[in-house]
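All letters in the first sequence, in the order written, are residues 1 to 270 by the UniProt record's numbering.
For each residue, glycine too, the CB sits at the ideal point set by N, CA and C.
These figures come from a predicted structure and were not determined experimentally.
Here's the structure we're looking at; comments come further down.
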Amino acid sequence: MPELPEVETTVRGLARYLEGERLSRVTVNRPDLRRPFPPGLVQALTGAKVTGLGRRAKYGLVHTDRYTTMVFHLGMSGRWRIEPDAIEKHDHLVLETANGHRLALNDARRFGSVDLVDTRELENWPSFAAMGPEPLGPGLTPAYLHAAFDGRIAPVKQLLLDQRIVAGLGNIYVCEALHRARIAPGKAAGRVSKAALGRLVPAIRAVLDESIAAGGSTIRDYAQPSGELGYFAASWQVYGREGAPCSCGGTVRREVHSGRSTFWCAKCQR
DNA sequence: CACGATACCTGTAAGC
DNA sequence: TGCTTACAGGTATCGT
């Protein structure tokens with residue numbers, strides 16, 4: 001579910017409940033997702049005041065007044081449930097605020113993660129240190145991609161998914177951005193023309209911006225997050241549309257590489 | 001180092 | 001209905 005727009009939507013939703021609030025109770029129901037929760041998680045957060053929320057790539061950031069930031073990743077199936085009626089299976093971490101709100105981090109597949117990082121050293125945190133620029137920030141330019149792709153023979157789609165090159169793109173939005181830019185996903189990255197890169201950068205920004213504006217593809221209503229498809233899913237041109245007609249008159253096809261599905265149109269993407 | 005494949009874990013949907 | 005198989009939005013790691 002969660003790529004960058006979903007994490008951004010999640011963080012904005014969490015901010016409404018957490019920003020400026022004190023955490024009165026922190027409950028761990030199962031202490032291991034991809035990795036074990038950090039020791040002392042409950043102690044570090046209980047009684048802390050949330051000073052702000054943020055996002056880096058697909059990681060959500062919960063800053064506290066103790067110079068400690070809780071960094072969470074939603075993996076494949078993670079989501080925050082807002083004001084759940086009852087605690088359910090896979091609600092691994094539950095936060096309660098002094099003013100009576102309750103939030104549960106639910107992750108069935110447990111590919112997500114929760115870490116505690118010194119707020120002042122966030123950029124040096126190992127998972128962040130080698131990361132590329134934010135796709136919606138000033139660092140992503142055609143010139144940057146041209147340099148990053150130089151000499152690379154791996155498929156352009158694969159490199160766009162590499163968080164060291166661009167931080168925050170996932171399978172859905174890479175497929176959609178490549179389609180908008182009319183670039184074949186299997187094309188060697190180093191052979192993508194400057195003109196095509198000039199189309200790709202605005203295409204990436206557009207699909208992400210539009211999805212955030214629609215509340216993400218997989219999170220519809222933040223007050224009652226349920227995991228249903230969000231509005232942007234209706235805007236997918238290729239993802240999940242194998243066999244459907246492309247707007248150019250071609251047919252959307254699906255291929256699997258390294259266990260990941262790629263959706264694209266061989267007629268208009270070259 | 002670059003590249004491709006695989007493992008991690010659980011739920012859901014489709015096929016028989 | 002029940003069983004089996006394929007597939008799912010990400011990332012780390014292992015061979016080659």
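Through-space distance from residue j to residue i, alpha-carbon basis
{"i": "ALA148", "j": "PRO155", "result": "13 Å"}
{"i": "HIS90", "j": "TRP236", "result": "29 Å"}
{"i": "VAL7", "j": "GLY60", "result": "7 Å"}
{"i": "CYS248", "j": "ASN99", "result": "54 Å"}
{"i": "ALA15", "j": "ALA266", "result": "42 Å"}
{"i": "ARG152", "j": "LEU4", "result": "25 Å"}
{"i": "TRP80", "j": "GLY216", "result": "14 Å"}
{"i": "ASP221", "j": "VAL114", "result": "For ASP221, the predicted model reports a pLDDT of 45, less than 50, meaning its position is unreliable; a value from the coordinates is still stated below. In a straight line, the C-alpha of ASP221 is about 24 Å away from that of VAL114."}
{"i": "PRO225", "j": "ILE87", "result": "Because PRO225 sits at a pLDDT of 49, beneath the cut-off of 50, its placement in the model cannot be relied upon, and the following sentence gives the value as read from the coordinates. If you take the alpha carbons of PRO225 and ILE87, they lie about 14 Å apart."}
{"i": "VAL166", "j": "TYR144", "result": "10 Å"}
{"i": "GLU210", "j": "ARG199", "result": "16 Å"}
{"i": "LYS187", "j": "ARG270", "result": "8 Å"}
{"i": "ALA223", "j": "CYS268", "result": "Summary for ALA223: the model assigns pLDDT 41, below 50, so the residue's position carries little reliability, and this model does not support an answer."}
{"i": "ALA214", "j": "PRO38", "result": "34 Å"}
{"i": "GLY137", "j": "ALA234", "result": "26 Å"}
{"i": "LEU169", "j": "PRO2", "result": "10 Å"}
{"i": "THR251", "j": "GLY240", "result": "12 Å"}
{"i": "ARG164", "j": "PRO245", "result": "34 Å"}
{"i": "GLU21", "j": "ASN171", "result": "35 Å"}
{"i": "ALA44", "j": "SER127", "result": "21 Å"}
{"i": "residue 299", "j": "GLY13", "result": "With the chain covering only 1 through 270, there is no way to say anything about residue 299."}
{"i": "SER193", "j": "GLY40", "result": "50 Å"}
{"i": "ASN29", "j": "ALA195", "result": "51 Å"}
{"i": "ASP85", "j": "HIS101", "result": "11 Å"}
{"i": "HIS92", "j": "ARG109", "result": "11 Å"}
{"i": "GLY259", "j": "PHE232", "result": "24 Å"}
Chain-order list of residues whose beta-carbon lies under 7 Å from that of residue i (same chain, five-residue window excluded)
{"i": "VAL117", "result": "THR69, VAL71 and TRP125"}
{"i": "VAL174", "result": "LYS157, LEU160 and LEU161"}
{"i": "LEU197", "result": "PRO142, LEU145 and HIS146"}
{"i": "ILE212", "result": "PRO5, GLU8 and THR9"}
Three-way DSSP call (helix, strand, coil) for residue i in this model
{"i": "LYS187", "result": "coil"}
{"i": "ASN171", "result": "helix"}
{"i": "ILE82", "result": "strand"}
{"i": "GLN224", "result": "With a pLDDT of 43 at GLN224, under the threshold of 50, the modelled position of that residue is not reliable, and no figure is offered here."}
{"i": "GLU134", "result": "coil"}
{"i": "LEU140", "result": "coil"}
{"i": "GLU88", "result": "coil"}
{"i": "ARG253", "result": "strand"}
{"i": "PHE263", "result": "strand"}
{"i": "LEU61", "result": "strand"}
{"i": "ALA244", "result": "coil"}
{"i": "SER113", "result": "strand"}
{"i": "PRO36", "result": "strand"}
{"i": "GLU19", "result": "coil"}
{"i": "GLU3", "result": "coil"}
{"i": "SER235", "result": "helix"}
{"i": "SER24", "result": "strand"}
{"i": "ASP118", "result": "strand"}
{"i": "ASN124", "result": "helix"}
{"i": "HIS101", "result": "coil"}
Contact belief for residue i with residue j at Cβ below 8 Å, rounded distance in angstroms
{"i": "VAL26", "j": "THR46", "result": "5 Å"}
{"i": "THR64", "j": "VAL50", "result": "6 Å"}
{"i": "SER24", "j": "GLU83", "result": "Contact flag wrong, Cβ pair sits at about 15 Å."}
{"i": "PRO135", "j": "ILE204", "result": "5 Å"}
{"i": "HIS179", "j": "VAL238", "result": "5 Å"}
{"i": "ALA140", "j": "VAL201", "result": "Reading off the sequence, residue 140 comes out as Leu, not Ala. Confirmed, about 6 Å."}
Contacts around residue i, its chain only, beta-carbon distance under 6 Å, and the 5 residues preceding and following it disregarded
{"i": "ARG254", "result": "GLU242, SER261 and PHE263"}
{"i": "GLY112", "result": "LEU33, HIS73, LEU74, GLY75 and GLY78"}
{"i": "ARG66", "result": "ALA48"}
{"i": "LEU18", "result": "VAL50"}
{"i": "ALA177", "result": "ALA203, ILE204 and VAL207"}
{"i": "VAL94", "result": "THR27 and ALA104"}
Own chain partners of residue i with C-beta closer than 8 Å, once the 5 adjacent residues on each side are dropped
{"i": "ASP150", "result": "GLY190"}
{"i": "VAL11", "result": "LEU53, GLY54, ARG55, GLY60 and LEU61"}
beta-carbon residue i near the ligand FAD non-hydrogen atom, thresh 7 Å
{"i": "TYR17", "result": "Ligands in the displayed structure: none, and consequently the ligand FAD is not present."}
Do the region 72-83 and the region 183-193 make contact, defined as three or more Cβ pairs closer than 8 Å?
Too few Cβ pairs lie closer than 8 Å, so no.
Spell out a yes or no on whether the region 98-118 and the region 27-40 are touching, meaning 3 or more CB-CB pairs, one atom from each, closer than 8 Å.
Cβ pair count under 8 Å is three or more, so yes.
Counting beta carbon pairs with one atom in the region 48-58 and one in the region 122-140, are three or more of them shorter than 8 Å?
The answer is yes - the region 48-58 touches the region 122-140, with three or more Cβ pairs under 8 Å.
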